[in-house]
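Structure record follows, encoded as structure tokens.
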Amino acid sequence: MGQPDETTHFGFRDVSLGDKQTLVNDVFHSVASRYDLMNDLMSAGLHRVWKDVMINALNPPCGDTPFTLLDVAGGTGDIAFRAAEAAGGGFRATVCDINSDMLSVGRARAIARHLDDRVSFVEGNAEALAFPDRNFDAYTIAFGIRNVPRIDLALNEAYRVLRPGGRFLCLEFSTVDVPGLDRIYDLFSFKVIPPLGGVVTGDAESYRYLVESIRKFPKPYTFAEMIRAAGFSRVNWQSLSGGIVALHSGWRL
Ligand SMILES: C[S@@+](CC[C@H](N)C(=O)[O-])C[C@H]1O[C@@H](n2cnc3c(N)ncnc32)[C@H](O)[C@@H]1O
Numbered sequence: 003m004g005q006p007d008e009t010t011h012f013g014f015r016d017v018s019l020g021d022k023q024t025l026v027n028d029v030f031h032s033v034a035s036r037y038d039l040m041n042d043l044m045s046a047g048l049h050r051v052w053k054d055v056m057i058n059a060l061n062p063p064c065g066d067t068p069f070t071l072l073d074v075a076g077g078t079g080d081i082a083f084r085a086a087e088a089a090g091g092g093f094r095a096t097v098c099d100i101n102s103d104m105l106s107v108g109r110a111r112a113i114a115r116h117l118d119d120r121v122s123f124v125e126g127n128a129e130a131l132a133f134p135d136r137n138f139d140a141y142t143i144a145f146g147i148r149n150v151p152r153i154d155l156a157l158n159e160a161y162r163v164l165r166p167g168g169r170f171l172c173l174e175f176s177t178v179d180v181p182g183l184d185r186i187y188d189l190f191s192f193k194v195i196p197p198l199g200g201v202v203t204g205d206a207e208s209y210r211y212l213v214e215s216i217r218k219f220p221k222p223y224t225f226a227e228m229i230r231a232a233g234f235s236r237v238n239w240q241s242l243s244g245g246i247v248a249l250h251s252g253w254r255l
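Positions 3 to 255 (my numbering) are the ones given, in order, by the sequence shown.
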């Protein structure tokens with residue numbers, strides 16, 4: 003468990019755990035208004051496909067059966083909206099994010115999509131969730147966990163708030179495992195994304211952090227071990243797009 007003076011990575015820099023969260027918050031305050039546009043540009047729309055794979059795995063009930071989703075680090079609401087659109091009338095989602103600017107964009111998008119009665123937005127930290135034990139049917143976190151300073155605490159919290167039988171799903175950038183693709187991916191990540199982020203959001207540095215943080219995230223088998231250590235069963239992962247992204251899953255049994 004992290005102590006206040008322990009260090010971690012902010013991209014390629016070593017920083018204290020407390021500083022990492024402050025720096026991450028600055029990144030998302032800075033890019034919130036152009037975040038969705040940048041996602042489309044830097045992934046050539048592929049983030050939509052990856053998110054659809056997550057929603058297929060979640061498989062929320064289509065009928066009126068009650069089903070509650072907690073989408074942590076949910077930002078502007080993409081995962082919750084997709085799940086709500088795939089689900090029936092019994093579906094409710096709570097988007098929890100530490101960043102008020104990302105949540106404001108999400109709330110406006112929920113109203114525009116007429117989903118504000120089924121998707122609510124709450125400010126909170128993945129490391130210390132303000133929800134009771136055994137409260138949700140599913141917990142999702144997409145492209146969020148690598149930004150959390152103490153990943154082990156976030157995983158413990160995910161386990162705590164899930165009901166027995168509840169599903170844990172985590173979509174995150176991973177390790178490219180296709181020869182040739184790795185070099186193209188590195189070139190695109192370090193030479194294209196930060197300048198593109200600079201043009202679109204006026205903040206190239208934030209996008210430099212985002213690509214560096216991908217390289218510092220644990221390998222999929224190491225992350226799967228961390229998920230098991232939090233108590234989850236039937237832990238598995240699926241590589242997508244040659245390992246650019248992985249969908250990790252587990253159950254609270
Ligand atoms: C890359 S965005 C992902 C947003 C959304 N899940 C998506 O896929 O589009 C990462 C999000 O993680 C949030 N975040 C970072 N640290 C967090 C923490 N400790 N607790 C909750 N959210 C956090 C950021 O504010 C940001 O909205």
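Don't be surprised by glycine CBs; every beta carbon is placed ideally from N, CA and C. Bear in mind the structure is a predicted one, so any value in this text is a computation, not a measurement.
Is it the case that the CB of residue i approaches a heavy atom of ligand 1 more closely than 7 Å?
| i | result |
| --- | --- |
| residue 78 | yes |
| residue 41 | yes |
| residue 216 | no |
| residue 101 | yes |
| residue 20 | no |
| residue 153 | no |
| residue 104 | yes |
| residue 240 | no |
| residue 186 | no |
| residue 202 | no |
| residue 145 | yes |
| residue 150 | yes |
| residue 75 | yes |
| residue 81 | yes |
Could you round the C-beta distance between residue i and residue j to whole angstroms and report it? I think they count as a contact, below 8 Å.
| i | j | result |
| --- | --- | --- |
| residue 63 | residue 71 | No, residue 63 and residue 71 are not in contact; Cβ-Cβ is about 11 Å, not under 8 Å. |
| residue 128 | residue 150 | 5 Å |
| residue 157 | residue 229 | 6 Å |
| residue 256 | residue 244 | Here the chain comprises residues numbered 3 to 255, so residue 256 is not present and cannot be evaluated. |
In the DSSP assignment, find the unbroken beta strand (DSSP E) run with residue i in it and report its ends.
| i | result |
| --- | --- |
| residue 174 | 164-175 |
| residue 95 | 93-99 |
| residue 138 | 138-144 |
| residue 235 | 235-242 |
| residue 116 | First-last for residue 116: undefined, no H or E at that position. |
| residue 74 | 69-74 |
Quick check: residue i and residue j, are their CB atoms within less than 8 Å of each other?
| i | j | result |
| --- | --- | --- |
| residue 60 | residue 202 | no |
| residue 173 | residue 44 | no |
| residue 138 | residue 164 | yes |
| residue 100 | residue 126 | yes |
| residue 175 | residue 247 | yes |
| residue 216 | residue 144 | no |
| residue 166 | residue 254 | yes |
| residue 234 | residue 141 | no |
| residue 92 | residue 123 | no |
| residue 108 | residue 146 | no |
| residue 251 | residue 189 | no |
So residue i is in the alpha helix (DSSP H); what residue range does that whole segment cover?
| i | result |
| --- | --- |
| residue 42 | 37-45 |
| residue 32 | 19-33 |
Grab me the residues of residue i's own chain with a C-beta within less than 6 Å of its C-beta, minus the 5 sequence neighbours each way, in chain order.
| i | result |
| --- | --- |
| residue 196 | 206, 209 and 210 |
| residue 4 | Because the pLDDT at residue 4 is just 42, under 50, the model does not fix this residue reliably, and the value given afterwards should be weighed accordingly. Hits under 6 Å: 19 and 152. |
| residue 104 | 30, 34, 77 and 78 |
Going along the chain, which residues of its own chain have a beta-carbon closer than 7 Å to the beta-carbon of residue i, five neighbours each way excluded?
| i | result |
| --- | --- |
| residue 199 | 40, 205, 206, 208 and 209 |
| residue 219 | 148, 174 and 175 |
| residue 226 | 237, 239 and 250 |
Within a Cβ cutoff of 8 Å, which residues of the same chain sit near residue i, ignoring the five residues on either side of it in sequence?
| i | result |
| --- | --- |
| residue 36 | 202 and 203 |
| residue 83 | 111, 112, 115, 117 and 121 |
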